[in-house]
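Student: My questions will all concern the structure given below.
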Amino acid sequence: MKQRNILLLFLVGMLLLLLSWMHLFVLQQEQGTYSSLIFWEFQVPRLLSALLAGGGLSLSGLLMQNLFQNPMAGPYVLGINSGASLFISLLILGAAPSFLNELSYVSAAMTGAFLAASFMFVVSKRVQNTQSLLVIGLMFASFTGAIEAVLQSFAAPEQVKQLFIWNMGSLQQMSAAQAPWLGTITVFGMATTLFLVKGLNAMVLGDAHALQLGIKVKQLKIVILFVTALLAGSITAYCGPIAFVGLAIPNLARALLKTQDHLLLILFSVVAGSFFLVAIDVLILLLDPWMTIPVNVLTAVIGAPYVAYLMLRQR
Amino acid sequence: MSNPATFQMFRSLINFFGLVFFFFLVGCSDQKTNALSKKENLCQHSQYLRIYNHKKGFKVEILDPDQQRKLQVFEIQKPYARIAVLSATHVGMLSALGQQEKICAISNAKYLLDPRVKQLLQLKRIADLQTELGFSAEKLLQRKAQVVVYSGFGNESQQLKRLPAHMLKIANFEWREKTPLARAEWLLLFGALCGQFAEAQQLFEEIQANYIRIQKEVQANNHSNQLPVLLSGNLYGDQWIAPAGQSFEAHLYKDAGLAYLFNNEEGTGSVFKSLAEILRKGPAVGIWLNPGLPSRKAILKQYPKAEFFPFFKKPIYCYTSNTNKYWEQAAVHPDWLLSDLSQIASGQTKKLHFYALLK
Amino acid sequence: MITIQQAQVGYHTTLIDIAQLALPAGQIYALIGRNGSGKSTLLQTLIGQLPLRAGSISVGAFTLEELQKNAALRAKQVSFVASMFTGVEALTLRAYVSLGRVPHLGAFGRLQATDLQFVDKVLQVLNLCDLAQKDTRKLSDGERQLASLARAIVQDTPLMVLDEPASFLDYFNRELLLDQLQHWVQQKPERSAVFSSHDIDLCLQKGIPILVLHQQKLTLLAKPTKQEVMALL
């Protein structure tokens, strides 16, 4: 059982490497020869975006599902992106241009994500079933959407356009200079998660049992909220909201590995999440001669039916 | 567009950039126009507008661009004094005819250019229909409009269905036309509405003559086969959106002596290109037109990696130095547009009407 | 060994008032009382989830206060079995039982060979080996409850607290559960267990000491008859 899982992890890891190699050297080069500048400024950041966003989002999904004790939780459906989005809107529309730098951007997204996650977490205590929680997540998203719309009516068209583009989600926005930022934040988030494995394992039995097994539940939950906001917030800041990865991949991980050992789940979610987004981007590159597809369209086409299937199976 | 916030933004953008987004709604339409009936159609260029002399006034037919069938047929027997217009372009056409006084309501005062219209707005003789929830049909009724001209874009027509039957509702498909002159020809419709048809005809003749003169000059001056390569549009998320090969923009670029990068792309609306393709074709580009932003700094702010575009260091021109002017006057003055573009193509700009070189 | 002195138990008001009581180790105790008499509240207090309103209770060498402050220590002193475990997706019975070892593991939660041996031995004793790889959601109520017992056993604490562990079980499984619990307690001298129950007859039949909880008072009956128990209720 365990060997099978490790083999599976290894296999997906190898496929990820293969796809990454295709992404960088085969598909993009085939379409023409680029200067090394374009290679480093466009291709490498694009691959890094897919790797980091895929891994980071599915990890934050896994953490949220553990925190909410609900397999349907995820950064997108619970409005964590919306929180980040709202705060980025506030920043873009409200702050002086000189204040718009890397740090303010990421911290605004993270603050928004953290507040949204905390709010949803407090609310989740009062609802018992998955459906209600998802509906509340949806309400939350439309609420922040409404505030954004009001903010926009005071904004200059350019700012509105900037937000609009950001809101579409893209793996091609991050620059080479930004990549180390996102890389550091994501790797830090992932590393922190590895120290939570014991607690995460116990948490699947619920708060009371985890407490009885010696886990400092309150502390753990705050750390989970923080790491989730760190991952989802920073990724959203750089790539915009990317849907379904965070929800679908951890569910896939549990279904494939048939385990609740979070060490395996964490590793697999990160690798499979990266694999998923890189695969989607490879698909986009393959389809490019015929049509140009935004990344969120493909994640939705593949992710939404799977999530719907999960919902139906839950009943 | 699955996120409500995104949806909201999309909606606001529709309001703000109405015309920019026409490319999302491009249908396929065939070129053929029906044989003329006995009476002579007074429009020579337009595909979607036909005006006939009828009794003492006019009979107007407006065709649906998507289905090439008659959408609206009506008679204009006497001039109207209270006209509501829902697009800046319509304001521009009425202003060009000096008929600002006949406007009773406009869709969004934020994006106005004409000083007389602004004045009338301040005197409350023109109402602004724009609300936070889009345009208000109720305000339109309060202003006792006799005619409402709309652009047939987005969900306007849904709102308009609520208006009483006696109010004349006219879809203005000027923005779906395939040539610049066909767009300008919609002037005639406004001429007919205001009782200024002869004047409108005369103005259009002038514009047309001007356009053809510049076009001929361009052809005469073009001795080399090496036309400057033009790229238009900008990156929106993952897609580069630019006018398609048979759009009126592409038409203009060709007439101005520019080799448009997507000249061979099918369609009258927009093309959607990946960044990879733009980067591949980038080194050939000599001029970047219409990034939709007022400065290089703004381009970089929206997309920091733009500095690595092969054409970022080439001349960049956009109408954004006076966006309101562009939306209000470009449709009615294709001659000015062509003049601008031909100067841009020649590399020597003396007097530009709409465009400015980005710093 | 549980020692209770002047303890007042309850959430907002005192629900149970115990002047003095000692429960020697080496026994299992059945907590009997009417609905709403506060059985669960008392058990929640014993496992350290609910602070005492006054007085003191000590479990082995530690007071409840000490245990409440130190979750890791508490997890090594007191284990808990709830009346119902509904199962978790993708969690096998063996993985579920193994979670009982969590208090004894390092930061990364890896099970050592000795942990696994212990788990397998307990599974064997409870006759759960054949179900080891089964998803906990696909087990029967009886199987799940035995698994919960196994999880508490591998936690290896001096005190085990069970909240109506048998309420969803049939007669045979109830008997099996009590037998296994008695067996466990007898393995080491410091062990004891407290469980709440409504099944007075079975407890009497097994000769289990009974704690009767009625109108704020807790009474220990070491070898009761049915009349004695009923008289107190």
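So the sequence lines, in the order shown, correspond to chains A, B and C. Count the first sequence with our numbering and you get residues 1 to 315, in order. Count the second sequence with our numbering and you get residues 316 to 674, in order. Count the third sequence with our numbering and you get residues 675 to 907, in order. Yeah, the Cβ is synthetic: ideal placement off N, Cα and C, and Gly gets one too.
What residues match up with alanine 867 (chain C) in a beta bridge as DSSP calls it?
Tutor: The residue labelled residue 867 (chain C) in the question sits at position 193 within the third sequence. Paired residues: C:Ile702, C:Met834.
Student: Between threonine 186 (chain A) and the rest of its own chain, which residues show a CB-CB distance below 8 Å, the 5 nearest in sequence each way excluded?
Tutor: Position 186 of the first sequence holds residue 186 (chain A). Cβ neighbours of threonine 186 (chain A) beyond the five flanking positions: Leu52, Gly55, Gly56, Leu231, Ser234, Ile235.
Student: Output, in chain order, the set of chain A residues within a Cβ distance shorter than 9 Å of valine 776 (chain C).
Tutor: By one-based count along the third sequence, residue 776 (chain C) stands at place 102. In chain order: Lys198, Gly199, Asn201, Ala202, Ala210, Leu213, Gly214, Ile215.
Student: Is it buried or exposed for leucine 17 (chain A), if we count other Cβ within 10 angstroms and need 16 for buried?
Tutor: On the first sequence, position 17 is the one that residue 17 (chain A) refers to. Label assigned to leucine 17 (chain A): exposed.
Student: So lysine 823 (chain C) and valine 755 (chain C) are in contact, right, with Cβ under 8 Å, and what is the actual spacing, rounded?
Tutor: Translated into the one-based positions of the third sequence, residue 823 (chain C) becomes position 149. Translated into the one-based positions of the third sequence, residue 755 (chain C) becomes position 81. Residue 823 (chain C) is actually leucine in this sequence, not lysine. That pair is a contact at about 6 Å.
Student: For the alpha helix (DSSP H) that tyrosine 361 (chain A) lies in, which residues bound it at each end?
Tutor: The structure shown has nothing for residue 361 (chain A), since chain A only spans 1 to 315.
Student: Name, going along the chain, the residues of the region 53-85 of chain A whose beta-carbon falls closer than 7 Å to a beta-carbon of chain C.
Tutor: Within the region 53-85 of chain A, the qualifying residues are Pro71.
Student: List the residues of chain B whose Cβ lies closer than 8 Å to the Cβ of leucine 37 (chain A), in chain order.
Tutor: The residue labelled residue 37 (chain A) in the question sits at position 37 within the first sequence. By Cβ distance, chain B contributes Phe623.
Student: Given alanine 571 (chain B), which residues of its chain have a CB within under 7 Å of its CB, disregarding the five upstream and five downstream residues?
Tutor: Counted from its first residue, the second sequence places residue 571 (chain B) at position 256. Correct list, in chain order: Val533, Leu653, Leu656, Ser657, Ala660.
Student: List, in order along the chain, the chain B residues whose C-beta lies closer than 9 Å to that of phenylalanine 42 (chain A)?
Tutor: Numbered from 1 along the first sequence, position 42 holds the residue referred to as residue 42 (chain A). Within 9 Å Cβ-Cβ: Leu590, Ala591, Leu594, Lys620, Phe623.
Student: Name, please, each residue of chain B whose Cβ falls closer than 9 Å to the Cβ of isoleucine 165 (chain A).
Tutor: As a first step, residue 165 (chain A) must be located in the first sequence, where it is residue number 165. Going along chain B in sequence order, the residues near isoleucine 165 (chain A) (Cβ under 9 Å) are Leu550, Tyr551, Gly552, Gln617, Tyr618.
Student: Tell me the DSSP secondary structure of cysteine 358 (chain B) in three-state form.
Tutor: Numbered from its first residue, the second sequence carries residue 358 (chain B) at position 43. Note: cysteine 358 (chain B) maps to coil in three-state DSSP.
Student: Can you tell me where the alpha helix (DSSP H) with valine 160 (chain A) in it begins and where it stops?
Tutor: Mapped onto the first sequence, residue 160 (chain A) falls at position 160. From DSSP, the alpha helix (DSSP H) with valine 160 (chain A) extends over 157-168.
Student: Would glutamate 838 (chain C) be called buried (16 or more neighbouring beta carbons within 10 Å of its own) or exposed?
Tutor: Within the third sequence, the letter at position 164 stands for residue 838 (chain C). It counts as buried.
Student: I'd like to know whether the C-beta of leucine 576 (chain B) is nearer than 9 Å to at least one C-beta of chain A.
Tutor: The residue you call residue 576 (chain B) lines up with position 261 of the second sequence. Taking Cβ atoms only, chain A never reaches closer than 9 Å to leucine 576 (chain B), which makes this a no.
Student: Taking Cβ-Cβ distances shorter than 8 Å, what residues in chain C pair up with lysine 258 (chain A)?
Tutor: What you label residue 258 (chain A) is simply residue 258 of the first sequence in a count that begins at 1. Near lysine 258 (chain A) (Cβ distances below 8 Å), the residues of chain C are Ala764, Thr766, Asp809.
Student: Asparagine 129 (chain A): buried (16+ other C-beta within 10 angstroms of its C-beta) or exposed?
Tutor: Along the first sequence, one-based indexing puts residue 129 (chain A) at 129. Looking at its Cβ environment, which holds fewer than 16 other Cβ atoms inside 10 Å, asparagine 129 (chain A) is exposed.
Student: Taking DSSP's pairing of strands, which residues face arginine 365 (chain B) in a bridge?
Tutor: As a working note, residue 365 (chain B) is residue 50 in the second sequence. Answer is B:Glu376, bridged to arginine 365 (chain B).
Student: Please check if any C-beta of chain A sits within less than 9 Å of the C-beta of lysine 713 (chain C).
Tutor: Numbered from 1 along the third sequence, position 39 holds the residue referred to as residue 713 (chain C). Not one chain A Cβ lies under 9 Å of lysine 713 (chain C).
Student: Can a CB atom of chain C be found closer than 9 Å to the CB of phenylalanine 188 (chain A)?
Tutor: In the first sequence, counting from the first residue as 1, residue 188 (chain A) sits at position 188. Not an interface residue.
Student: Using a C-beta cutoff of 9 Å, does serine 336 (chain A) count as contacting chain B?
Tutor: Coverage of chain A is limited to positions 1 through 315, which leaves residue 336 (chain A) absent and any answer about it impossible.
Student: Give the straight-line distance between the Cα atoms of valine 26 (chain A) and phenylalanine 42 (chain A), rounded to the nearest whole angstrom.
Tutor: Against the first sequence, residue 26 (chain A) aligns to sequence position 26. Against the first sequence, residue 42 (chain A) aligns to sequence position 42. Approximately 15 Å between the Cα atoms of the pair.
Student: State yes or no: is the C-beta of valine 793 (chain C) within less than 9 Å of the C-beta of valine 776 (chain C)?
Tutor: The residue labelled residue 793 (chain C) in the question sits at position 119 within the third sequence. The residue labelled residue 776 (chain C) in the question sits at position 102 within the third sequence. The answer is no: Cβ separation not under 9 Å.
Student: Specify, as a first and last residue, the run of the alpha helix (DSSP H) that alanine 177 (chain A) falls within.
Tutor: Position 177 of the first sequence, counted from the first residue, corresponds to residue 177 (chain A). No alpha helix (DSSP H) holds alanine 177 (chain A); DSSP gives it neither H nor E.
Student: Rounded to whole angstroms, what's the CA-CA distance from phenylalanine 842 (chain C) to arginine 848 (chain C)? Just pull it up for me.
Tutor: In the third sequence, the residue the question calls residue 842 (chain C) occupies position 168. In the third sequence, the residue the question calls residue 848 (chain C) occupies position 174. Distance between the alpha carbons of phenylalanine 842 (chain C) and arginine 848 (chain C): 9 Å.
Student: Taking Cβ-Cβ distances shorter than 9 Å, what residues in chain A pair up with alanine 769 (chain C)?
Tutor: As a working note, residue 769 (chain C) is residue 95 in the third sequence. Residues of chain A passing the Cβ test: Asn201, Thr259, Gln260, Asp261.
Student: Hey, would you say leucine 738 (chain C) sits closer than 9 Å to arginine 811 (chain C), going by beta carbons?
Tutor: In the third sequence, the residue the question calls residue 738 (chain C) occupies position 64. In the third sequence, the residue the question calls residue 811 (chain C) occupies position 137. Not closer than 9 Å, so no.
Student: So for tyrosine 770 (chain C), helix, strand or coil by DSSP?
Tutor: As a working note, residue 770 (chain C) is residue 96 in the third sequence. It is helical.
Student: With a cut-off of 8 Å, do at least 3 Cβ pairs link the region 558-566 of chain B to the region 581-601 of chain B?
Tutor: Yes, since at least three Cβ pairs between the region 558-566 of chain B and the region 581-601 of chain B fall closer than 8 Å, the two stretches touch.
Student: Name the chain A residues that come within less than 9 Å of leucine 608 (chain B), Cβ to Cβ?
Tutor: Residue numbering aside, residue 608 (chain B) sits at position 293 when the second sequence is read from its first letter. Chain A residues near leucine 608 (chain B): Glu158, Lys161.
Student: In chain order, what residues of the same chain have a beta carbon less than 8 Å from the beta carbon of leucine 865 (chain C), not counting five sequence neighbours either side?
Tutor: Numbered from 1 along the third sequence, position 191 holds the residue referred to as residue 865 (chain C). Checking the sequence, you will find arginine at residue 865 (chain C) rather than leucine. Closer than 8 Å at the Cβ level, and outside the excluded window around arginine 865 (chain C), lie Ala699, Gly700, Pro832, Leu833, Met834, Trp858, Val859.
Student: Is there contact here, the region 73-82 of chain A with the region 120-138 of chain A, by at least three beta-carbon pairs under 8 Å?
Tutor: With the cut-off at 8 Å, the region 73-82 of chain A and the region 120-138 of chain A touch.
Student: Out of C:Gly734, C:Glu763, C:Met758, point me to the one whose CA is closest to proline 71 (chain A)'s CA.
Tutor: Position 71 of the first sequence holds residue 71 (chain A). When only C-alpha atoms are compared, the closest one is C:Glu763.
Student: On a CA-only basis, which of B:Asn549, B:Arg365, B:Leu567 is nearest leucine 378 (chain B)? Give me that one, please.
Tutor: The residue labelled residue 378 (chain B) in the question sits at position 63 within the second sequence. Ranking B:Asn549, B:Arg365, B:Leu567 by Cα distance to leucine 378 (chain B) puts B:Arg365 first.
Student: Chain C partners of leucine 19 (chain A), CB-CB under 9 Å?
Tutor: Counting from 1 along the first sequence, the entry for residue 19 (chain A) is found at position 19. Those do not exist, as leucine 19 (chain A) stays about 26 Å from chain C at its closest Cβ, beyond 9 Å.
Student: Thinking C-beta only, is phenylalanine 624 (chain B) closer than 9 Å to leucine 594 (chain B)?
Tutor: Taking the first residue of the second sequence as 1, we reach residue 594 (chain B) at position 279. Taking the first residue of the second sequence as 1, we reach residue 624 (chain B) at position 309. Contact flag set, yes.
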